[in-house]
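A short worksheet on the structure shown next.
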Amino acid sequence: MLRSSCLLVSCIILLVWTLPASSQQQLSDSEIEQRVNALLQQMTLEEKAGQLNQMPDKNAKTMEMIKQGKVGSLLGVLGVKEVNEAQHAAVDGSRLKIPLIFGYDVIHGYRTIFPAPLASAGSFDPQLIEQSERVAAKEATASGVKWTFAPMVDIARDPRWGRIVEGAGEDPYLGSVVAMARVRGFQGSNMADPQSVVASAKHFVGYGAVEGGRDYNTAEMSEQLLREVYLPPFRAAVDAGVGTLMSAFNDLNGIPASANHHTLTDILHGEWKFNGFVVSDYDSVHELIPHGTAADDSQASLEALTAGVDMDMADSDYVRYVPELVKSGKLPESVVDEAVRRVLRVKFKAGLFEHPYADPNREKTDILTPESLQTERKMAQESMVLLQNNHDLLPLKKDQTIAVIGPLADDKASQLGAWAGNGQAKDAVTPLEGIAAKLGKGHVLYAKGVDIQPFERGLAAGVAAPAPPSATGVAGVEASNKPASIEDAVSAAKKADTVILFVGELAGMTGEASSRASLDLPGDQMKLIQAVLATKKPTVLVLESGRPQNISWAPEHIPAIIQAWYLGVQSGNAIADVLFGDASPSGRLPLSWPRAVGQIPVYYNHKATGRPSAPDRWHTGYLDLSSEPLYPFGYGLTYTKFKYGSLKANSTISKDGTVHVSAEIENTGKREGTEVVQLYVHDRVAPTSRPVRELKGFERITLAPGEHKTVNFTVRANDLGSYDPEMHWIVPLGTYDVWVAPDSASGVAGTFEVQ
Ligand code: BGC
844 MLRSSCLLVS CIILLVWTLP ASSQQQLSDS EIEQRVNALL QQMTLEEKAG
894 QLNQMPDKNA KTMEMIKQGK VGSLLGVLGV KEVNEAQHAA VDGSRLKIPL
944 IFGYDVIHGY RTIFPAPLAS AGSFDPQLIE QSERVAAKEA TASGVKWTFA
994 PMVDIARDPR WGRIVEGAGE DPYLGSVVAM ARVRGFQGSN MADPQSVVAS
1044 AKHFVGYGAV EGGRDYNTAE MSEQLLREVY LPPFRAAVDA GVGTLMSAFN
1094 DLNGIPASAN HHTLTDILHG EWKFNGFVVS DYDSVHELIP HGTAADDSQA
1144 SLEALTAGVD MDMADSDYVR YVPELVKSGK LPESVVDEAV RRVLRVKFKA
1194 GLFEHPYADP NREKTDILTP ESLQTERKMA QESMVLLQNN HDLLPLKKDQ
1244 TIAVIGPLAD DKASQLGAWA GNGQAKDAVT PLEGIAAKLG KGHVLYAKGV
1294 DIQPFERGLA AGVAAPAPPS ATGVAGVEAS NKPASIEDAV SAAKKADTVI
1344 LFVGELAGMT GEASSRASLD LPGDQMKLIQ AVLATKKPTV LVLESGRPQN
1394 ISWAPEHIPA IIQAWYLGVQ SGNAIADVLF GDASPSGRLP LSWPRAVGQI
1444 PVYYNHKATG RPSAPDRWHT GYLDLSSEPL YPFGYGLTYT KFKYGSLKAN
1494 STISKDGTVH VSAEIENTGK REGTEVVQLY VHDRVAPTSR PVRELKGFER
1544 ITLAPGEHKT VNFTVRANDL GSYDPEMHWI VPLGTYDVWV APDSASGVAG
1594 TFEVQ
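Taking this note's numbering, the leading residue of the sequence shown gets 844, the next gets one more, and so forth.
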């Protein structure tokens, strides 16, 4: 029996290996199922558990485990040599020769670091986002990575949460469009393409709703909120063919997300028919113990695997406990088999059986190419949001002396942002470098002004301390070896025609384990800003941060404000392009910008309440502050002006019909500009209360001065629906409000009926 099984396996392997090396053909689904099942039949219980085990590094012990068939995946192993060495151990050294899949966090680029995901989401440009992820996939695969732990599609309404920077912001529609674009970019049309990576939508689910914005915290929400706000981007990723999902760290309504059968099995496989696999987050199987739903690692493994977590990241629980759980009768082997099937299916789809090894030739040619840098520069230009531009201060003239001031002006690491893949600070162009390159020698003065000191807890988490004072490397820029001082900043400002201030957060203050209780600019940056503003020089404020900062004071005191987030390796060039008019700002806010921490959560798609917001005290609101955000979701200015008019919508549609909405947009300014035209809808009467507005479409249009365009939107009535109290999707009949708008708080309005 054993001999004939081995023979069958050898035949399969031989068959697979005789395919031409260049073949990128994806196997058909039925071929994959046959091969998966044939392989599964040959596997011992230990080998099955091995496929469900992802180890966090490559060392002598893991190499031995790989040969014993006890590892299905490695995390964080980079470089063709390392990857191929480990792959040899699996393919040549293990009994069943099942290839490993190499995973890594390619969150916004591998080596060519792109804008932080929150920033690029604000471009509202899914094509360019997809193109960026293609670059990331090409670079990652050149280095042997075949699986990225991205896109992060967690909806987040709380900027205190440091991981808000990794996602697409607060809106489920934008989040879904962006999720699909990223999945398409990473996976291409075929996961088996040597330049494609398998994507992983994370963190499933509710992680963005952690209470108080504290990372890893509990999330409590109604089933309706879960289904209408937090699940849609995951559903979109699944519909786009995402290969894997990652289960989250948080507790969701009393059941940890990594042991949540309702979300991981009932919804994901039952309702959505997902047939890829779910990997746990780092140690999140083991963490069921501190969560308090498992007494030990064996019980944690049982809970997680039964709930639907197929692969266990980092804590080795499955490989240690699954065989004995099956032998003791606690865990049906069929559950293990199903998980193994899902893992093998993805490995087949990814072409790993045909092409297990990384190509040694691409590492030198495919990384940081001029084309990749060009795509990144464009993505960075499109990600910036112009928040204010009084008296058209921007774009700036090039023939003037500029004082570049601030702790982030020449900080390379912070241009990259958190989770910067295999990015290297040395690759980053800082704003100071970008501006100096554009204006030429002698036009730029520089002063750091102040250092940003990492928070004490952040230091322990590895946030880099500020670099020691040093001369800037920018030729022709007046440099100083003295410690950063506000006096130097003031003196540079006085000598300049215009000041550009670069303030914000160090990249390490955002991302995982980087929640903040305050959104104030850290350290002495406000003192620096006040001292510089006292010089009365025209000043532009450029914010580099992973979340909105508290700038409620700024609109009154600073004529021009740009939110630049973290823009990646071409950051400084892209910022200079926009500041000096070689590119126009076209990004929009993917979230509502709070006036104060006390307003959080503040998001545009809130409910009306029984006493909708109004100035008097007996309506929802605060006594001491407006409940409106400082800037609404979708907001962003351009260097020109757009007029919205002539909204048209078909007056009546049926439940299975389609609504066509159009509006006339005109560039009434003096420069060409790109507008993000947004479509919002509100269902007036439904069985459950509906958000005051919901984004249902958008389009980027570029118009010359005086040019106008009719922008058309088509929405299926079904996409206007909502869940009834029994959680059935329905399309309520009646009147719907509709807006075509430059942001979530304005626009031209109309109505239509669903009958
Ligand atoms: C993060 C994940 C990440 C994983 C692997 C975890 O700490 O939550 O987002 O993919 O580490 O690096």
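All residues carry an ideal CB built from backbone N, CA and C; glycine is no exception.
- Short note on F992: C-beta closer than 6 Å to some heavy atom of the ligand BGC.
- Y1050 has its CB no nearer than 6 Å to any heavy atom of the ligand BGC.
- With respect to the 7 Å criterion, G1347 and E1387 are classified as neighbours on the basis of their beta carbons.
- DSSP places E1537 in the uninterrupted beta strand (DSSP E) bounded by E1537 to L1546.
- A residue is called buried once 16 or more other Cβ atoms fall within 10 Å of its Cβ, and A1062 is buried on that count.
- A contact between stretches requires three or more CB pairs, one per stretch, nearer than 8 Å, and the stretch 1005-1021 meets this requirement with the stretch 1381-1397.
- A straight line joining the alpha-carbon of P1213 with that of S1414 spans about 15 Å.
- Relative to the ligand BGC, Y1447 has its C-beta separated by 6 Å or more from all heavy atoms.
- Relative to the ligand BGC, the beta carbon of D1124 is positioned inside 6 Å of a heavy atom.
- Contact between P1002 and L1434 is confirmed by a C-beta separation of about 7 Å, below the 8 Å threshold.
- Burial state of Q1231 is buried, judged by a 10 Å Cβ sphere holding 16 or more other Cβ atoms.
- I1343 and D1294 have their C-alpha atoms some 17 Å from each other.
- Secondary structure in the stretch 1032-1057: the beta strand (DSSP E) runs of 3 residues or longer, each lying completely within the stretch, are 1043-1047 in chain order.
- Residue nearest to S975 within the set F992, T955, G987 and L961 is T955 (criterion: CA-CA distance).
- In the DSSP assignment, N1555 forms a beta bridge with S1505.
- A buried status is given to G946, since no fewer than 16 other beta-carbon atoms sit within 10 Å of its beta-carbon.
- If you ignore the 5 residues before and after D1014, its C-beta comes within less than 6 Å of the C-beta of L1538, all in its own chain and listed in chain order.
- A distance below 7 Å separates the beta carbons of K910 and G936.
- Distance between P1099 and L1107, taken at the CA atoms: about 11 Å.
- Under the three-state reduction of DSSP output, V1528 falls in the coil class, being neither helix nor strand.
- Closer than 6 Å to some heavy atom of the ligand BGC: that does not describe the Cβ of D1094.
- A Cβ-Cβ contact shorter than 7 Å links G1260 with Y1409.
- Note on N1510: 16 or more other CB atoms within 10 angstroms of its CB, so buried under the neighbour-count rule.
- If you compare the alpha carbons of D1124, N1118, E1071 and V978 with that of K1045, the shortest gap goes to D1124.
- By the criterion of a C-beta distance shorter than 7 Å, G1512 is surrounded in its chain by T1483, K1484 and P1548, once the five residues flanking it on both sides are discounted.
- Counting only residues of its own chain and dropping the five nearest sequence neighbours on each side, P899 has a CB closer than 7 Å to the CB of L918, G919 and A1157.
- With three or more CB-CB distances shorter than 8 Å, the stretch 1436-1446 counts as touching the stretch 1463-1481.
- Under the three-state reduction of DSSP, D1094 is assigned to strand.
- For G1593, the enclosing beta strand (DSSP E) starts and ends at V1591 to V1597.
- Checking the DSSP bridge columns, you'll see P1166 has no partner listed.
- For D1158, there is no enclosing alpha helix (DSSP H), since its DSSP letter is neither H nor E.
- Nearest neighbour of Y1487 by Cα position, chosen from V1519, D1109 and D1459, turns out to be V1519.
- Here Y1465 is exposed: its Cβ has fewer than 16 other Cβ atoms, across all protein chains shown, within 10 Å.
- Taking a cut-off of 8 Å for Cβ pairs, the stretch 1244-1263 and the stretch 1282-1299 touch, as three or more such pairs fall below it.
- The Cβ-Cβ distance between W1115 and V1081 falls below 7 Å.
- In the DSSP annotation of this structure, the continuous segment of the alpha helix (DSSP H) that includes M1023 starts and ends at P1015 to Q1030.
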